[in-house]
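J.:
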Amino acid sequence: MEVVISVIFGLLAGGVGTFFFKKMQDEAKKKTARIEADRIINRAKSESAKIDRDSKNRAKDFETRARKNVETDIQKQKSKLKNQESQLERRLKEIDDQLKQKLEDNDRVIQSLKDREEKIAIAEHRIKDLEKKGEQQMEEVRQKLSSVAAMTADEARRELYATLEESAKIAGAKKIEEIEKQAEAEAASRSRRILAIALARFAGEYTSERTVSVLSLPSDEMKGKIIGREGRNIRTLEAHCGVDLIVDDTPEAVVISGFDPVRRELAKRTLEKLMEDGRVHPARIEEVVEKMKVELTKSIKEDGEKVTMELGITSLHPEITKVLGGLKYRHSHTQNLLNHSMEVAHLAGIMAAEMGANVKLARRAGLLHDIGKGIDHTVDGNHAVVGADFVKKYGESEGICHAIRAHHNDEQPNSLIAHIVQAANILSNSRPGA
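Structure follows, in structure tokens:
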């Protein structure tokens, strides 16, 4: 019995020991778990704080870069607007100079008419004086004739001769005056007839042309391609074409701005080729620009040769032909300069034919009269003087050079061809639509 009780107490003691041992193990595991949980939570908090700091730093950097980009874009726009303003001021000055030139031409015509009226008034006054003197002399003759009876035959003859000589002088002066008036009337009538014939025989249909400065794009996506990453494409285009490209909020359009119209045409052709191809990156842009330069140079040369062939003008130096073809991309008032030069050449040829002058020489001078406007704008001087010096350098005659210099009275016209070219230029500029 005692053994049984001992066994029971032993089992109870073992169970209680096992229970407390198991409980101590559980407590140890819980403590370890709490420590691990605290460690994970602390690490998570640390990483969260770090992520928060990194996010704030990145946001601050992004804001700084964005502000710099906006400031850079604003500065570029200001610079482009300033360039456009300068171009507008230059254009206004050109228009003002042209207006002053026309006013000066009109003043010269008015002064010429006033001078002619004064001469006519003086001539009329002289005629009246001569008539009065003639009447006085006739009265003297009548008085002298009454005393002829007392003269000898020789004395009477000498007196008669003297009287007749004076009368002949008076009659001759009147006749000369009549001839001068008749010549002036015939000259004015013939001038009007020549101008009328020139206008009737040459009815050129030239529409008003203006420089194309806005290029339409197929989509706003293409606008993004033209700008390129960080503006690299647009900077490459501007550098190689020598123009400014303005890409603003206008949908599906880009503005080409530049003083040289040939460079604007180069930029326009380059953009059209890039849009057609679809590949837009700096290397491709450089390749297309060089290709378009070759095509544009060839086109300008062909335009110059076509004009000279149409007018029957030969032996022009290739450099003159090239500059002549480039006038297609330049304008004066609303006229395309190449068309205006052809028009002046045709009119000058017609007027020369009517007046019996050298038709080929008149056409040649008329075609080249504004070639100075096609010379690089960095060359100093009036376009008439610059043009005359340019063609003289390449073998044109002094007669052609003089007609070019004189068409705006930079030197007084002293040849019939110079007067014809000046008149043809005024006529072309004065027609409707010019």
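Counted the way our numbering counts, the sequence shown spans residues 5 to 438. Ideal placement from N, C-alpha and C gives every residue a C-beta, glycine not left out. From a predicted model like this one, the values you see are computed outputs, not experimental measurements.
1. What distance in whole Å lies between the Cβ atoms of T325 and E314, which are believed to be in contact at a cut-off of 8 Å?
2. Taking all protein chains shown into account, decide if M296 is buried (16 or more other Cβ within 10 angstroms of its Cβ) or exposed.
3. If we ignore side chains and look at the alpha-carbon of each, how far apart do A204 and E400 end up?
4. Contact between the segment 326 to 335 and the segment 354 to 370: three or more CB pairs below 8 Å?
5. Are the CB atoms of L365 and G403 nearer to each other than 8 Å?
6. For A200, does the count of other Cβ atoms within 10 angstroms reach 16, so buried, or fall short, so exposed?
7. Distance, Cα to Cα, L85 vs V247?
8. Going by the CB atoms, is the gap between I260 and K277 shorter than 8 Å?
9. Consult DSSP for N340 and reduce its assignment to one of helix, strand or coil.
10. Look at A388 and V425 and say whether their C-beta atoms are less than 8 Å apart.
11. In angstroms with no decimal places, state the Cα-to-Cα distance between N87 and Q79.
12. Whose C-beta lies closer than 8 Å to the C-beta of I9 among residues of the same chain, with five residues either side of it excluded?
13. Of the residues G228, G262 and E242, which one's Cα is nearest the Cα of T254?
14. Is P286 closer than 8 Å to T240 when the C-beta atoms are compared?
15. Who pairs with L328 in a beta bridge, going by DSSP?
16. Can you tell which of N433, V293, H411 and F394 has its C-alpha closest to the C-alpha of N343?
17. For a quick check, are the C-beta atoms of S220 and A257 less than 8 Å apart?
18. Roughly how many angstroms separate the alpha carbons of R196 and M355, rounded to a whole number?
19. Going residue by residue through the segment 260 to 291, where are the continuous alpha helix (DSSP H) segments of at least 4 residues, counting only ones entirely within it?
20. Skipping 5 residues on each side, what residues in its chain have a beta carbon closer than 7 Å to that of K396?
21. Would you mind sorting N429 into buried or exposed? The rule is 16 or more other CB atoms within 10 Å of its CB.
22. If you follow the beta strand (DSSP E) that V218 is in, where does it begin and where does it stop?
23. Per the DSSP calculation, V258 is bridged to which residue(s)?
T.: Well, looking at it:
1. The residue given as residue 314 occupies position 310 in the sequence shown. The residue given as residue 325 occupies position 321 in the sequence shown. Rounded to the nearest angstrom, the Cβ distance from E314 to T325 is 13 Å, too far for a contact under 8 Å.
2. The sequence position of residue 296 within the sequence shown is 292, counting from 1. By the neighbour-count rule (16 or more Cβ atoms within 10 Å), M296 is buried.
3. What you label residue 204 is simply residue 200 of the sequence shown in a count that begins at 1. What you label residue 400 is simply residue 396 of the sequence shown in a count that begins at 1. The pLDDT assigned to A204 is 40, lower than 50, so where the model puts this residue is not dependable, and the model offers no usable value.
4. No contact exists between the segment 326 to 335 and the segment 354 to 370.
5. Taking the first residue of the sequence shown as position 1, residue 365 is located at position 361. Taking the first residue of the sequence shown as position 1, residue 403 is located at position 399. Yes, the pair counts as a contact, with Cβ atoms nearer than the cut-off.
6. As a position in the sequence shown, residue 200 is number 196, starting the count at 1. Any answer about A200 is weak, because its pLDDT of 45 lies below 50 and its placement is not dependable; what the coordinates show is given next. That one is exposed.
7. By one-based count along the sequence shown, residue 85 stands at place 81. By one-based count along the sequence shown, residue 247 stands at place 243. Cα to Cα, L85 sits roughly 14 Å from V247.
8. As a position in the sequence shown, residue 277 is number 273, starting the count at 1. As a position in the sequence shown, residue 260 is number 256, starting the count at 1. In this structure, I260 does not lie closer than 8 Å to K277 by Cβ.
9. Against the sequence shown, residue 340 aligns to sequence position 336. Taken through DSSP and simplified to helix, strand or coil, N340 comes out as strand.
10. Within the sequence shown, numbered from 1, the residue matching residue 388 stands at position 384. Within the sequence shown, numbered from 1, the residue matching residue 425 stands at position 421. Result no, Cβ atoms of A388 and V425 do not sit closer than 8 Å.
11. Counting from one through the sequence shown, the residue named residue 87 turns up at place 83. Counting from one through the sequence shown, the residue named residue 79 turns up at place 75. Each residue's CA atom was taken as its position, placing N87 and Q79 some 12 Å apart.
12. Residue numbering aside, residue 9 sits at position 5 when the sequence shown is read from its first letter. Here the set comprises nothing.
13. Counting from one through the sequence shown, the residue named residue 254 turns up at place 250. Out of G228, G262 and E242, G228 has the C-alpha closest to the C-alpha of T254.
14. For the purposes of this step, residue 240 is taken as the residue at position 236 of the sequence shown. For the purposes of this step, residue 286 is taken as the residue at position 282 of the sequence shown. Contact: yes.
15. Here the question's residue 328 lines up with position 324 in the sequence shown. Beta-bridge analysis with DSSP links L328 to no other residue.
16. For this step, residue 343 is matched to residue 339 along the sequence shown. Between N343 and the set N433, V293, H411 and F394, the nearest pair of CA atoms involves N433.
17. Along the sequence shown, read from residue 1 onward, the residue named residue 220 stands at position 216. Along the sequence shown, read from residue 1 onward, the residue named residue 257 stands at position 253. Yes, they are a contact pair.
18. The sequence position of residue 196 within the sequence shown is 192, counting from 1. The sequence position of residue 355 within the sequence shown is 351, counting from 1. Annotation note: pLDDT 47 at R196 (below 50); position unreliable, coordinate value reported separately. So the two alpha carbons sit approximately 11 Å from each other.
19. DSSP runs (the alpha helix (DSSP H)) wholly in the segment 260 to 291: 265 to 281.
20. Taking the sequence shown and counting its residues from 1, the one referred to as residue 396 is at position 392. For K396, the CB contacts under 7 Å within the same chain, skipping 5 residues up- and downstream, are C405 in chain order.
21. The sequence position of residue 429 within the sequence shown is 425, counting from 1. Of the residues assessed, N429 falls on the buried side of the cut-off, its CB having 16 or more other CB atoms within 10 angstroms.
22. Against the sequence shown, residue 218 aligns to sequence position 214. V218 -> beta strand (DSSP E) spans V218 to S220.
23. Within the sequence shown, residue 258 is the residue found at index 254, counting from 1. Within the DSSP bridge table, the entry for V258 names L219 as partners.
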